[in-house]
Every structure is written in structure tokens, then in C-alpha cells.
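Worksheet for the structure shown next.
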Amino acid sequence: TRVYVRGLGGERPAVPVAPERLQAAAQAKLGAADFAYIAGGAGAERTMRANLAAFERVRLLPRRLSGSRERDLGVELLGQTLAAPLLLAPIGVLEAAHPEADLAVARAAAAENVPFIFSSQASVPMESCAAAMGDSPRWFQLYWGTDDEVTRSFVRRAEACGAGAIVLTLDTTLLGWRPRDLDLGSLPFLRGRGIAQYLSDPVFRSRLDQALPAPAVQPPRTPALLRAGAELAARGRRFGLSLEQMQAAAARFTATYTRPDLGWDDVSRLREWTGLPILLKGILHPDDAREAASRGVNGLIVSNHGGRQIDGEVGALDALPGVVAAAGDLPVLLDSGVRTGSDVAKALALGARAVLLGRPYAYGLAIAGETGVREVIQNVLAEFDLTLGLLGVRAARDLGPQHLAPPTPST
Ligand code: FNR
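In UniProt numbering, the protein residues as written are 14 to 424.
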């Protein structure tokens with residue numbers, strides 16, 4: 014009701030409620046390359062569409078005359094109670110959406126009491142975001158590159174920042190094939206975007222006067238890249254780095270941030286490095302869920318990275334039941350295609366403990382900064398609350414297969 018009344022009171026919402034109009038409003042606000050980076054997917058974007066189609070196919074089945082005046086949205090996760098089954102997904106290069114980037118998202122997440130997962134490819138160092146969040150929950154998402162000491166340093170910093178968990182992303186050991194970015198010739202990292210965690214890292218910085226490890230991807234000296242020099246220099250000043258150091262940093266980042274041969278034994282090593290809960294992000298195959306359980310991790314995130322990595326892979330929601338069945342006692346979270354409160358209910362009914370919201374909050378950020386992110390969160394949670402009430406479900410944790418219609422042959 015609060016969300017309806019907000020409009021009646023003459024208080025104009027900052028962002029459109031409907032997902033399509035939210036995306037369109039962000040597109041109108043952003044330059045072509047920035048919008049392409051956020052909105053785009055891998056290849057022909059079939060996985061991106063599959064994520065949404067999977068949510069279309071699942072249908073809720075309400076019970077009548079069993080609703081309640083108050084609903085309890087809380088869920089248990091890693092020994093804590095989350096106020097709602099929603100977290101903000103790690104999204105890199107948020108400066109593509111708004112100059113305040115991660116900082117605005119951190120403030121919004123804290124104000125709405127929703128955990129924010131800091132990205133390894135953030136535009137603001139994790140320490141600054143943590144400082145902006147007070148005691149509010151935050152996690153850290155790790156990309157494991159070729160330099161183990163940098164990886165360990167990230168983990169130590171996350172611990173010092175009060176992160177409640179480490180999310181190891183497994184689906185981006187190589188950068189996906191992204192035609193929208195390729196057509197526009199845009200790779201934000203070469204302009205020094207999205208590398209703030211590295212620029213602020215003592216171990217990474219200590220490497221800047223060393224020769225690049227092989228295989229190094231050396232950026233070509235094209236006119237566009239030389240023009241990007243001004244942007245690089247400006248970013249470097251914020252971190253006390255000269256243009257030459259920034260060029261070395263961007264090249265080193267590009268050469269080292271992914272590790273195609275990351276393996277299960279690395280998960281076991283991470284387990285030894287930290288006492289924080291570890292969640293593996295990007296699990297789609299039930300056998301990977303079983304392997305994860307045997308490696309002592311604390312949770313799984315079913316995700317295909319929003320369809321940005323493999324074109325033609327399974328829609329995330331379609332993969333959820335198989336992973337849940339194989340995960341045993343491990344809590345399973347999901348992202349990739351969550352757009353509305355009704356989507357949250359569907360994911361929970363299929364066995365997810367909570368979901369991660371991705372692109373929609375980046376669009377809110379693009380349109381109206383911190384306020385935009387807050388409204389997107391409020392809208393999703395308000396619709397989720399309403400959906401529970403109308404389904405006749407008193408508490409989010411009670412959602413289950415009994416709230417789903419059996420699939421019909423035509424769907
Ligand atoms: C991402 N995602 C992502 N994931 C991650 O683990 N680390 C990261 O740095 C990023 N960066 C990133 C940038 C952008 C622009 C997008 C859109 C996504 C993936 C993200 O965490 C999540 O899996 C997807 O956003 C889910 O898909 P939808 O629901 O946003 O379509």
C-alpha cells in the first residue's frame with residue numbers, strides 16, 4: 014500500500030515500476046556503450062532470453078481464504094536472518110551506470126536492509142563501500158585471477174571489511190563473447206573502469222613495476238585508446254597513480270584477472286584461507302553441486318551470469334530444481350532473470366533460499382542514483398509481499414512446490 018500511496022500523495026516515483034519501462038528509461042539516460050555493457054549478453058543472447066522465458070513458464074497456484082494481514086518475508090541464511098530473501102548481485106563497472114556507482118548502491122542497500130555483494134570489478138574500493146554501510150550486511154564476490162597473492166589479499170580485505178561471505182564466481186574464467194560490446198569496440202577496463210579493487214590493493218600495486226606475466230594481452234595503440242588516456246589519467250589521480258602506472262595497471266589487470274584453468278582444488282585452498290562462509294556462483298549442473306558439497310562450501314548460487322557468458326546455456330530457473338535436489342543441506346540461491354516480486358516467489362517455490370537482483374538495480378542507479386536503487390528494491394519487495402498475501406502464504410520460508418501449478422503440455 015505504501016508504494017501505491019506514494020504516487021497518490023503527489024510524490025512522483027523516480028523510476029518506472031514495470032521492468033521493460035525501467036530498462037527503457039535507463040537506456041534513454043545512458044550512452045550507447047554504457048547501456049550495451051549493462052544490458053547486453055553473450056552471442057545471440059539466447060541464454061538471456063531463456064532466463065526470462067523460464068520465469069514465464071512457471072505458474073503460481075494460490076490458495077484462497079488463507080491469507081493473513083502481516084507477512085513475514087524473513088529467511089534464514091548462513092546462520093543469520095535476512096529481512097527478505099533478496100540480495101544485490103555483484104555488478105562490475107557500475108560507473109557505467111552512474112558516477113557514484115557502488116557507493117550509491119551501498120547506501121541504498123543499507124537503507125533498505127538488503128545485503129550488497131561487492132564485485133571484484135567494482136568502481137569503488139570495498140573499504141569505501143563498507144564504510145558507507147554501517148553495520149548493514151555486505152558480502153564480497155571474488156574473481157580468481159592468475160596472481161594468487163592478489164586473490165588472497167582480496168580475501169583478507171573482505172574479512173577486514175566485515176563481509177559476511179565470499180562468493181567465488183566460477184562462470185567467468187574467460188570473458189564471454191559479447192557482440193554488443195564488440196560492435197561498439199568498448200572494453201571498459203582498458204579505460205581504467207571497474208578496476209578499483211585492484212588499484213587500491215597493496216599487493217597489486219606492488220606488482221606495477223614488474224614485467225607483465227605471459228600470456229599478456231597488450232592493448233593496441235589505436236587512436237581510441239590514446240584518447241582514453243585522459244580518462245585513465247583522471248582515474249589514476251584518485252588512486253595516486255601516474256598515467257604510466259595506470260597504463261601498466263590496466264594492462265596488468267587485463268592480463269591477469271581471469272584464470273581459465275581454475276579447478277576444484279582451488280576451492281579447497283580458498284576453504285583453508287578463510288573462515289568466512291563460501292558460496293559458489295554460477296552452478297548449473299547437479300554434479301557440480303555435489304562436488305561443491307564435498308569441498309566444504311556453505312552455499313551455491315545458481316546463475317548463468319545473466320546470459321553474459323555462454324550463448325545457448327540453460328535458463329537459470331530451469332536449472333534450479335536439479336541443483337536443489339543435488340545440493341543436500343546446502344542453501345541454494347539464484348540469479349539471472351529475476352525482475353519482479355512474483356519472480357522471487359517462483360524461485361523460492363522451486364527451492365531457492367533467496368535471490369540476487371541484478372540488472373534492475375543497475376537501471377535504477379542509472380536513472381536516479383541511490384534513490385533509484387532504493388525504489389527498485391522497494392518495488393520488488395512490495396510486490397513479493399503482496400504476492401505472498403494473495404497466494405495465502407504467511408511467511409516467505411513456507412513457499413514450496415505446493416504453490417506451483419503442474420506444467421501443462423502447452424507451456
Ligand atoms: C554482472 N555480473 C557479475 N557477476 C559477478 O560475479 N561479478 C561481476 O563483477 C559481475 N559483473 C556484472 C556486470 C554487469 C553489467 C551485469 C549485468 C552482470 C552478473 C550478476 O552478478 C548476475 O549474475 C546477473 O546480473 C544476473 O542476471 P540478471 O538478472 O541481471 O539478468
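For glycine and all other residues, C-beta sits at the position ideal for the given N, C-alpha and C.
Taking 6 Å as the limit between beta carbons, can you name the residues of its chain near residue i, skipping five residues before and five after?
{"i": "G54", "result": "M61, G320 and R321"}
{"i": "D184", "result": "G295, H318 and Q322"}
{"i": "S79", "result": "G405"}
{"i": "A121", "result": "E383, V386 and R387"}
{"i": "P290", "result": "L91, A178 and N311"}
{"i": "R206", "result": "V106 and E108"}
{"i": "T160", "result": "The displayed chain sequence assigns Asp, not Thr, to residue 160. If we look at D160 and ignore the five residues flanking it on each side, its Cβ neighbours are T269."}
{"i": "A360", "result": "L347 and V368"}
{"i": "D331", "result": "A67"}
{"i": "D47", "result": "A109"}
{"i": "A418", "result": "R72 and L74"}
{"i": "residue 425", "result": "Absent from the structure is residue 425, since the part of the chain shown begins at 14 and ends at 424."}
{"i": "G56", "result": "W190 and D324"}
{"i": "E83", "result": "none"}
Any heavy atom of the ligand FNR inside 7 Å of the beta-carbon of residue i?
{"i": "L330", "result": "no"}
{"i": "K294", "result": "yes"}
{"i": "P103", "result": "yes"}
{"i": "N64", "result": "yes"}
{"i": "H111", "result": "no"}
{"i": "G198", "result": "no"}
{"i": "T182", "result": "yes"}
{"i": "H318", "result": "yes"}
{"i": "L369", "result": "yes"}
{"i": "Y376", "result": "no"}
{"i": "V106", "result": "yes"}
{"i": "S133", "result": "yes"}
{"i": "R191", "result": "no"}
{"i": "R321", "result": "yes"}
{"i": "S79", "result": "no"}
{"i": "Q93", "result": "no"}
{"i": "G350", "result": "yes"}
{"i": "residue 453", "result": "The question about residue 453 has no answer here: the residues shown for the chain are numbered 14 through 424."}
{"i": "Y270", "result": "no"}
{"i": "Y211", "result": "no"}
Is the beta carbon of residue j closer than 8 Å to that of residue i?
{"i": "F252", "j": "L212", "result": "yes"}
{"i": "R308", "j": "V280", "result": "yes"}
{"i": "V315", "j": "A329", "result": "yes"}
{"i": "A209", "j": "S136", "result": "yes"}
{"i": "L65", "j": "G325", "result": "no"}
{"i": "V118", "j": "L100", "result": "no"}
{"i": "A143", "j": "C174", "result": "yes"}
{"i": "L74", "j": "H416", "result": "yes"}
{"i": "F397", "j": "V357", "result": "yes"}
{"i": "T186", "j": "R284", "result": "no"}
{"i": "residue 456", "j": "A306", "result": "There is simply no residue 456 to check, as the chain begins at 14 and stops at 424 in what is shown."}
{"i": "R197", "j": "A49", "result": "The sequence given here has Leu at residue 197, not Arg. It is a contact, given that the beta carbons lie within the stated cut-off."}
{"i": "L275", "j": "W157", "result": "yes"}
{"i": "I130", "j": "A375", "result": "no"}
{"i": "L333", "j": "A379", "result": "no"}
{"i": "P299", "j": "P32", "result": "no"}
{"i": "E162", "j": "V216", "result": "yes"}
Cutting at 7 Å between CB atoms, please list the residues of its own chain near residue i, excluding the five before and the five after it.
{"i": "G413", "result": "A362"}
{"i": "R303", "result": "A339"}
{"i": "R204", "result": "A241, E244 and L245"}
{"i": "V16", "result": "Q391, N392 and A395"}
{"i": "L370", "result": "L99, L101, A102, V351 and V393"}
{"i": "A114", "result": "L107, E108, S136 and V137"}
{"i": "A261", "result": "L221"}
{"i": "residue 13", "result": "An answer regarding residue 13 cannot be provided, because it is not within the stretch 14 to 424 covered by the chain."}
{"i": "A277", "result": "The sequence given here places Trp at residue 277; Ala does not occur at that position. Within the same chain, W277 has close Cβ partners E304 and R308."}
{"i": "I104", "result": "S132, G371 and A375"}
Can you find the residues in the same chain that come closer than 8 Å, C-beta to C-beta, to residue i, ignoring five residues on each side of it along the sequence?
{"i": "A381", "result": "A27, V28 and E388"}
{"i": "A145", "result": "L116, A119, R120 and A123"}
{"i": "L399", "result": "G354"}
{"i": "D214", "result": "V163, S166, F167 and R170"}
Evaluate contact between the segment 85 to 93 and the segment 400 to 410, counting only Cβ atoms and requiring at least three cross-stretch pairs below 8 Å. yes
Secondary structure, beta strand (DSSP E): runs of 3+ residues fully inside the segment 361 to 415: The segment 361 to 415 contains these whole beta strand (DSSP E) runs: 367 to 370.
Quick check: the segment 39 to 46 against the segment 395 to 404, are there 3 or more CB pairs under 8 Å? With fewer than three CB-CB distances shorter than 8 Å, the segment 39 to 46 does not count as touching the segment 395 to 404.
Output the residue ranges of the alpha helix (DSSP H) runs that lie fully inside the segment 304 to 354 and measure 4 residues or longer, sorted by chain position. 329 to 339
If contact is defined by three or more beta carbon pairs under 8 Å, each pair taking one atom from either stretch, is the segment 165 to 172 in contact with the segment 192 to 201? Here the segment 192 to 201 makes no contact with the segment 165 to 172; the two share fewer than three CB pairs at distances below 8 Å.
Run through the segment 130 to 205 for me and flag every whole alpha helix (DSSP H) of 4 or more residues, listed as ranges in chain order. 139 to 145, 161 to 173 and 192 to 197
For the segment 226 to 280, list the alpha helix (DSSP H) runs that are entirely contained and at least 4 residues long, ordered along the chain. 236 to 251 and 256 to 269
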